[in-house]
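I have placed the structure first, in the form of structure tokens, so that the comments after it can refer back to it.
Protein chains: 4
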Amino acid sequence: MFIRVVSEILEDLRQVLQQVDEKEIDNFVKALLDARRIFIVGAGRSGLVGRAFAMRLMHLGIEVYVVGETITPAIREGDLLVAISGSGRTSFPLVAAETSKRLGAKVFAITSDKNSPLARCSDYVLLVKGRTKDNAVRDYISRQLAGEHPPLTPLGTLFELSTSILLDAVIYKIISMLGISEKEMLERHSNLE
Amino acid sequence: MFIRVVSEILEDLRQVLQQVDEKEIDNFVKALLDARRIFIVGAGRSGLVGRAFAMRLMHLGIEVYVVGETITPAIREGDLLVAISGSGRTSFPLVAAETSKRLGAKVFAITSDKNSPLARCSDYVLLVKGRTKDNAVRDYISRQLAGEHPPLTPLGTLFELSTSILLDAVIYKIISMLGISEKEMLERHSNLE
Amino acid sequence: MFIRVVSEILEDLRQVLQQVDEKEIDNFVKALLDARRIFIVGAGRSGLVGRAFAMRLMHLGIEVYVVGETITPAIREGDLLVAISGSGRTSFPLVAAETSKRLGAKVFAITSDKNSPLARCSDYVLLVKGRTKDNAVRDYISRQLAGEHPPLTPLGTLFELSTSILLDAVIYKIISMLGISEKEMLERHSNLE
Amino acid sequence: MFIRVVSEILEDLRQVLQQVDEKEIDNFVKALLDARRIFIVGAGRSGLVGRAFAMRLMHLGIEVYVVGETITPAIREGDLLVAISGSGRTSFPLVAAETSKRLGAKVFAITSDKNSPLARCSDYVLLVKGRTKDNAVRDYISRQLAGEHPPLTPLGTLFELSTSILLDAVIYKIISMLGISEKEMLERHSNLE
């Protein structure tokens, strides 16, 4: 039974990920490589997905910071903010995006809603479909009325898992472009924990 | 090209996940539901995967803590430590596992290596295959000699992504067993960020 | 020379702390003990001061959460938000305070500016003087014109150190009132790091 | 009554801080300025004190990382680890110190116990007296037998507050030596929260 659950989740992820626009990925990779420094922001599980991405960017030798961590400096012109929010309405990444724009930095939103406040205030958008927690209750009620099962991927799970995989595919793309070896990555990997 | 990369990652994940032992999942769910309180520990990206799992357990109304966060209390008899480490050799989760055992708490290891120090000091093991960062360099050298491409999923990526999906499948299993509605989960979801 | 620097900092702290209104401390202790659950929020070094306070509250057996950490649930009516910001203008605690008010929770601000947006949206204010980073540049220019030394306590340092000591005095007050032994505190102290 | 509690805490801090060896402070400042990069480690409230220090070092333009945060890279020869632990026995900073030594980095311990494992494995020690949580229970029993009050500064409070002030005095010393203006510090101060 468990393997069937896993297979359905993987199939849902495949469906979300094949809708991602290849052009948006290219823009994203270009923006990452063009930026003087990269700042990552997200709340909750989206924030954790962002940190996992930031850690790999550091392994690639790219200067990156996570908003809210101790040594994160001021963002400035020439820097890129990557703001991750399924709904595009979470206040923490939204405020960071608006502030970054005002300070002259570029903003790349990763979101499920291209009409959200986050998407609208960003320079670029990378659209990743997936039920976000904001439409979760509506979906739940429909399913209940229809006598269906609980959702496989409650709240923002589908967006978060899809974005995790997508960002690791982006890392692979950068590795291929820059010719970075796994040995180099391992040499930068934290060795004090 | 990007969708092909994503497809290959999904296929790798499927292969890892179908090797997971259904019995170990059952043990894991039982241990989670039997525990007085749950503590989660992991370093680096495994730690982030653990936090994403902890957040969902909280949404289910289960008492859970992340080792290293501010309000995490002392572990005691009756509690369960879930220690996540691909190699099973990372010192932070390993020390936490050994200490937990000594204090009379149960330990569940999620690891790729059933002979690792972490697996050996744990009460239960949930084996999730996947290249861990410890065998990454050896693999890299083999691939170089064979003229192959860089790895799709460098360092611990395969273990981390597989474990993310697996733990969300475990959450689904608990939701189904306990009959928890998405509305209840949303009501517990952090509303201050 | 170093001991002279330390003595001057201690004297500055004494001056700030003796201006704290004893009545506000009493209100604060009462609010902490009356709350169903306590949530702590702050950005940067004020956030770190808040976490140190949260950790001690946990040692006292009080249910407390830090906004932004993994297992922090939704705030609701009956809960208390403690928002720490010298300037009372930092967006992260300010948004949390406004949201908490809207959701029916009480808000206690610890700030240097009783006319700040944070103080104005809060139910109670605990005023802790001290140069905040917002008036730092103006002070700096005055000192430069006057040929004076660099500030002993740059940016928000004076507010942060004063608030640290004040919150540990609050902990002492709660210990005395509730008759909690140090042994009990030690038994709750994290034992996995 | 509250102001009397605060005065006694300040007096305790003064007594601890005037015992600090000026020579050790000079060594510490020299080690900080000589290091290629600085890494800070501590658990619990000592870890929070370390982060507050790391944040100010970043404001001074010094390259610094906190062990356990997302973008912290591998430590290497030429780097300095600052390990903070009152007892000098906490496993997280101790393991980091031992690993750093093995990898050829320098280690500076800030501790209350010059005979602790941490002090013994470090290149330099900065001794900050203060009851640590390890001798707290013994003290408590003596006080109980003597009919005394609960301790003003339970567990590691005295060490943590003393070290906070001491590290801000070190920041002042570096500011004076390097002639860094508060304006420069403010320009580096995080602007996205």
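Protein chains in written order, with the numbering used here: chain F, 1 to 193; chain X, 1001 to 1193; chain Z, 2001 to 2193; chain D, 3001 to 3193.
We put the beta carbon where it would ideally sit given N, CA and C, even for glycine.
All values reported here derive from a predicted model rather than from experimental measurement.
For residue i and chain Z, any beta-carbon pair shorter than 8 Å?
i	result
X/VAL1066	yes
D/ALA3169	yes
D/PRO3073	no
X/ARG1120	no
D/ILE3110	no
X/ARG1089	no
D/GLU3182	yes
Do residue i and residue j have their CB atoms nearer than 8 Å?
i	j	result
Z/THR1977	D/GLU3193	Outside the displayed span of chain Z (2001 to 2193) sits residue 1977 of chain Z, for which this structure offers no information.
Z/MET2001	X/ILE1071	no
D/LEU2989	Z/ASP2168	An answer regarding residue 2989 of chain D cannot be provided, because it is not within the stretch 3001 to 3193 covered by chain D.
F/VAL41	F/LEU81	yes
D/LYS3129	D/VAL3049	no
D/LEU3155	Z/LEU2186	yes
D/ALA3083	D/ALA3109	yes
D/SER3176	Z/PRO2150	yes
Z/PRO2073	X/ARG1188	yes
D/SER3046	Z/GLY2044	no
D/TYR3172	Z/VAL2005	yes
Z/LEU2103	Z/THR2111	no
D/GLU3077	D/ALA3054	no
D/LEU3032	D/ILE3025	no
F/LEU166	F/VAL64	no
D/ASP3079	D/ARG3036	yes
Z/SER2164	D/SER3164	yes
Z/SER2100	Z/ILE2062	no
Z/ARG2131	Z/LEU2158	yes
F/GLU69	D/GLU3069	yes
Z/SER2122	Z/ALA2097	yes
With a threshold of 8 Å between beta-carbons, can residue i be considered close to chain D, or not?
i	result
X/PHE1092	yes
F/MET185	no
F/THR70	yes
F/LEU80	no
Z/ILE2084	no
Z/VAL2006	yes
Z/PRO2174	The sequence shown places Ile at residue 2174 of chain Z, rather than the Pro named in the question. No, its Cβ sits nowhere closer than 8 Å to a Cβ of chain D.
F/ARG131	no
Per DSSP, what are the beta-bridge partners of residue i in this structure?
i	result
F/TYR172	Partner(s): none; F/TYR172 has no beta bridge.
D/VAL3041	D/ALA3083
F/ILE110	F/ILE84 and F/LEU126
Are the C-beta of residue i and some C-beta of chain F separated by less than 8 Å?
i	result
Z/VAL2095	yes
D/PHE3002	no
X/MET1177	no
X/TYR1124	no
X/GLN1018	yes
X/MET1058	no
X/ALA1105	no
D/ALA3054	yes
X/LEU1127	no
D/ARG3014	no
X/ILE1062	no
Strictly under 8 Å for the Cβ-Cβ distance: is residue i near chain X by that measure?
i	result
Z/PRO2117	no
F/ARG45	yes
Z/LEU2192	yes
F/THR153	yes
F/GLU98	no
F/ARG51	yes
Open item on the list: To test your reading of the DSSP string, which unbroken beta strand (DSSP E) runs of 3 or more residues are found completely within the stretch 1044-1108 of chain X?
Closed with: Fully enclosed beta strand (DSSP E) runs of 3 or longer: 1064-1066 and 1080-1084.
TODO: Using a Cβ-Cβ cut-off of less than 8 Å, give me the residues of the stretch 1022-1041 of chain X that come near chain Z, in sequence order.
DONE: PHE1039 and VAL1041: these are the residues of the stretch 1022-1041 of chain X whose beta carbon lies less than 8 Å from some beta carbon of chain Z, given in chain order.
TODO: Using a Cβ-Cβ cut-off of less than 9 Å, list which residues of the stretch 157-168 of chain F approach chain D; keep chain order.
DONE: Taking 9 Å as the Cβ-Cβ cut-off against chain D, none of the residues of the stretch 157-168 of chain F qualify.
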